[in-house]
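In UniProt numbering, the protein residues as written are 1 to 192.
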């Protein structure tokens, strides 16, 4: 049996288990202030917040910021490739498509649901910041959590999509920092 068929069957069962939870969280979209907040967070999580942060590092830390910015950009690109391949391969429909009772709070960027690309990037960058800039990471943490929550609130993802995105992104960010950060930092500081 092809892996796609197994994944499809697994997701059908998971969807049934998660739909009630999704519906209860999705009710938040009936409150205009909450809907506006999560739409804004989702839009910033499309990349705008992260691009701005990454581009600011060379100015915040002239000696090593360029290395961190470059590593974050390359890791972010790896995250994008990874989640797009997984979505195309695993093919899980979004909650609002499978269950019309779930309201779509904002248009999705692509068709499929698993894993959450927004959460994958947010977790990746959060872990990278935690290693390189712990004080800044604490300031960014509420945004990261809001991005993850927005995916379920807006009816775009199941909680398992968000959990998988956080796990994959966190591991990718951790691997980049453990294996590559010292080398990237040395490239731009001139230290051996």
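Note that CB positions come from ideal geometry on N, CA and C, so glycine has one too.
Keep in mind that this is a model prediction, so the values were computed, not measured.
Given residue i as reference, the closest of the options once Cα atoms are compared
i: residue 19; options: 76, 93 and 84; result: 93
i: residue 171; options: 70, 76 and 16; result: 76
i: residue 88; options: 49, 115 and 135; result: 115
i: residue 157; options: 106, 72 and 80; result: 106
i: residue 167; options: 47, 68, 147 and 120; result: 120
i: residue 161; options: 129, 143 and 86; result: 86
i: residue 128; options: 21, 173, 37 and 36; result: 173
i: residue 25; options: 152, 122, 15 and 52; result: 152
i: residue 14; options: 179, 113, 124 and 122; result: 113
i: residue 46; options: 98, 140 and 108; result: 108
i: residue 143; options: 78, 37 and 8; result: 37
i: residue 74; options: 159, 124 and 17; result: 124
i: residue 147; options: 131, 59 and 126; result: 126
Nearest-angstrom Cα separation, counted from residue j out to residue i
i: residue 111; j: residue 39; result: 18 Å
i: residue 10; j: residue 65; result: 43 Å
i: residue 104; j: residue 62; result: 43 Å
i: residue 57; j: residue 83; result: 25 Å
i: residue 100; j: residue 23; result: 10 Å
i: residue 34; j: residue 28; result: 6 Å
i: residue 192; j: residue 49; result: In this predicted model, residue 192 has a pLDDT of only 48, less than 50, meaning its place in the structure is not dependable enough to derive any value.
i: residue 71; j: residue 176; result: 8 Å
i: residue 12; j: residue 95; result: 11 Å
i: residue 135; j: residue 149; result: 23 Å
i: residue 133; j: residue 68; result: 10 Å
i: residue 81; j: residue 52; result: 21 Å
Bridge partner(s) assigned by DSSP for residue i
i: residue 83; result: In the DSSP output, where bridge partners are listed per residue, residue 83 has none listed.
i: residue 158; result: None, per the DSSP bridge assignment.
i: residue 93; result: 112
Continuous alpha helix (DSSP H) stretch holding residue i: start and end
i: residue 106; result: Premise fails: residue 106 is in no alpha helix (DSSP H) and is neither H nor E.
i: residue 152; result: 134-153
i: residue 43; result: 32-43
i: residue 53; result: 49-60
Buried versus exposed call for residue i [16 or more other C-beta atoms within 10 Å across all chains shown]
i: residue 6; result: exposed
i: residue 155; result: buried
i: residue 54; result: buried
i: residue 118; result: buried
i: residue 32; result: exposed
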